[in-house]
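Data block below; observations after.
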Amino acid sequence: MTDTYDYDLFVIGAGSGGVRAARLTALGGKRVAIAEEFRVGGTCVIRGCVPKKFMVMASDFAHQFHTAEGYGWTVEASFDWPKFLEAKDVEIARLSGIYAANLGKAGVDLVHGRAVLKDAHTVEVTHRDGGEPRTYTAEKILIATGGRPWMPEGLPGIEHAITSEEAFHLPELPRRIMIAGGGYIAVEFAGIFAGLGVETTLIYRGPNILRGFDDDVRAHLAGEIEKRGIKVVLGCQHRSIEKTETGLVSHLENGMTLETDVIMFATGRVPYVKDLGLETAGVDLNDKGAIVVDQLSKTTAENIWAIGDVTDRMNLTPVAIREAVAFHETVYKDNPQHFDYEAVATAVFSQPPVGVVGLSESEARHSCSAGVDVYLTRFRPMKYAFTGSDERVLMKLVVDAASQKVVGVHIVGPEAPEMIQLAAIAVKAGLTKAQWDATCAVHPTMAEELVTLKEKQSPTMSAG
Ligand code: NDP
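Residue numbering for the sequence shown is 2 to 465, as defined by this note's numbering.
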C-alpha cells in the first residue's frame, strides 16, 4: 500500500469472520485495524453458538440424571440459574479476551467503537468511551458486521417479547415460556428451557418445524421434543400479546389464548447494516437487506468486501471463517478463492440434537435424474435400555441411484453433531454407499448403523 492511507485494511466487526480476516492479513505484514462496537468475538462467542451450547449442556443434565436413575443412581438435583449465568459469563469474557489478545499478537489495531463509512476509503468511529469521533482511512475495507434478531415489529404487544439475546441474561428462570418460530434458534431454546424444567410451548406458523430440513428429520424431531415435554403448536402465529398482572397473554390466530411468563421470538435474523453508511461508499444491498457480493466476496464498491451473516449466504460461524480465509487468499495472496458451499454439515442443538450434511431426500429427488436410494433406521439407543424411555434415534442415508454416491446423511439423536462432522468428510469426498459399507463397524455404538444399513426403503415408505 501507499502511505496515502492510515491502514491497508480496515475491518468493521470483530466476530468470527472479521477477526480471522484481520489476523491473517496483519500476520501477512499489512497494516490492519478492526472496529468493534460491543465485545470482541461477535455473535458466535458473545450471544450465539458458544453461550447457547453451554445452556444446552446445562439443560441436558436433567435428562442424564433421569437416565442415571435407570442405572441405579439416586439423584437429588437442583439447578441454580444465577450460578450458571455467572459461570457462563466468566467463560465468555475469557474467550472474548483471548480473541482480543490474539488480534493484538497479530499486530491488529483494535478500535472500540461504532464504525460508519464516510466514503469508500474513510471510516468514522465513535469510540465507546465517548469523545469526538475519529476518522481512519484505509486502502481496503472489509465489512463483517453479522446479523441481528428480527421480530415482527407491527405485532401488537411485541414490546413485551424478547429475543435470544435477552434469553442469555434472564434475571431469573421463568416458570413458563412460549417461543415463536420453528428454525434453529426456536428449537434449540425450546429444548434448553424444557430441560431446565420450564413449561415450554413452541408456536410455529408452518406445518412442521425446521423447514428446509429432510421431512423425516422434521417429523422425527417434532415427536422427540414432545416426548421431552415441549408443547408444539403448529400452523399458528401470534395475533397479539397482552401484559397482565399474572404474566403475558398471547392471543393466537387460531383463537387460542395462552398465558405464559416470557415470550421469546426466534423468527429469524437480518443482516446488521443499519446506519453503516453503505450508500455513501457505493455498497449495494439486495432485496433482503444483505450486502450484495460476488463469488469472491467483493461488494459493488471496488475496494470493499463483505463476509459472514451480513451477506446472508450461509449463516454459520465456520462458513464466515472460511469466507475470511478465501478473502485473504484472494486479495492479499493473489490466489482467487471462493468458499465451496456444497456439503457443509450443520447441527441443530435441539434435545435430542440433529446433524445433517448434504441433500434432503426431496432435494436429492430433484437433482438426481436417475432417482435416489434411501436407507433409514430408527432405534432405541443402548444407553436408554434401563430407563423405560421410548426415545428413538433416526439415521438416514440418501444415495444417488446412478452414481451410488451418498449425497445426504441425516441423524437425530444423542451425539448427532459429533457424528455428522465425520460423516461430512465422506460426503464431501463423494464416497459411494459400497465404500461406506466396506468400512468396518465400531461396536457397540450408534454410529455403526451408518455403515450397516442394508435395506433400501421402498419409495412409498419414506416421507420424502
Ligand atoms: P431461521 O431462519 O432458522 O428460522 C426462523 C423461523 O422464524 C422460521 O421457522 C420461520 O418460519 C419463522 N418466521 C419467520 N418470519 C416469521 C413471521 N413473520 N412470523 C412467524 N414466524 C416467522 O432463523 P433463526 O432465528 O432460528 O436462526 C437464524 C440463523 O442463524 C439460522 O438460519 C442459522 O443460519 C443460524 N444459526 C445456526 C445455528 C447452528 O448452527 N446450530 C444455531 C442458531 C442459529 P418459516 O420456516 O415458515 O419461514
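Virtual Cβ for every residue (Gly too), placed ideally from N, Cα, C.
Boundaries cannot be given for I210, as no beta strand (DSSP E) includes it and DSSP labels it neither H nor E. In the DSSP assignment, W74 falls outside any beta strand (DSSP E) and carries neither an H nor an E.
Nearest Cα to K455 within the set M152, T146, V399 and L249: V399.
Beta-bridge annotation (DSSP): R381 is not paired with any residue. The criterion of a C-beta distance shorter than 8 Å is satisfied by P52 and K89. By the Cβ-count criterion, Y376 is buried, with 16 or more other Cβ atoms from all chains shown falling within 10 Å of its own Cβ. In this structure, the straight-line span from the alpha carbon of L423 to that of T5 is close to 48 Å. D310 places its beta carbon 8 Å or farther from that of G183. By the Cβ-count criterion, T318 is buried, with 16 or more other Cβ atoms from all chains shown falling within 10 Å of its own Cβ.
Under the three-state reduction of DSSP output, M420 falls in the helix class. Here H122 is buried: its Cβ has 16 or more other Cβ atoms, across all protein chains shown, within 10 Å. In the DSSP assignment, the residues bridged to H128 are G114. Counting C-beta pairs closer than 8 Å gives fewer than three between the segment 185-200 and the segment 212-219, which falls short of the contact rule.
Beta-carbon to beta-carbon, M179 and I264 are separated by about 5 Å, close enough to satisfy the 8 Å threshold.
Membership of L143 in the beta strand (DSSP E) is indicated by the continuous run R135 to I144.
With a threshold of 7 Å, the Cβ atom of A181 counts as near the ligand NDP, since some heavy atom of the ligand is closer than that. For the pair K275 and I93, the Cα-to-Cα distance works out to about 26 Å. The ligand NDP never approaches A344 closely enough for any of its heavy atoms to be under 7 Å from the residue's Cβ. Within the same chain, Cβ atoms closer than 6 Å to the Cβ of T202 are found at M179 and K232, the five residues on either side in sequence being excluded. Just so you know, the alpha carbons of A302 and V284 end up roughly 5 Å apart.
As the crow flies, the alpha-carbon of A430 is around 26 Å from that of R219. Straight-line measurement puts the Cα of R323 at about 11 Å from the Cα of S298. In the structure shown, T347 falls within a strand segment according to DSSP collapsed to helix, strand and coil.
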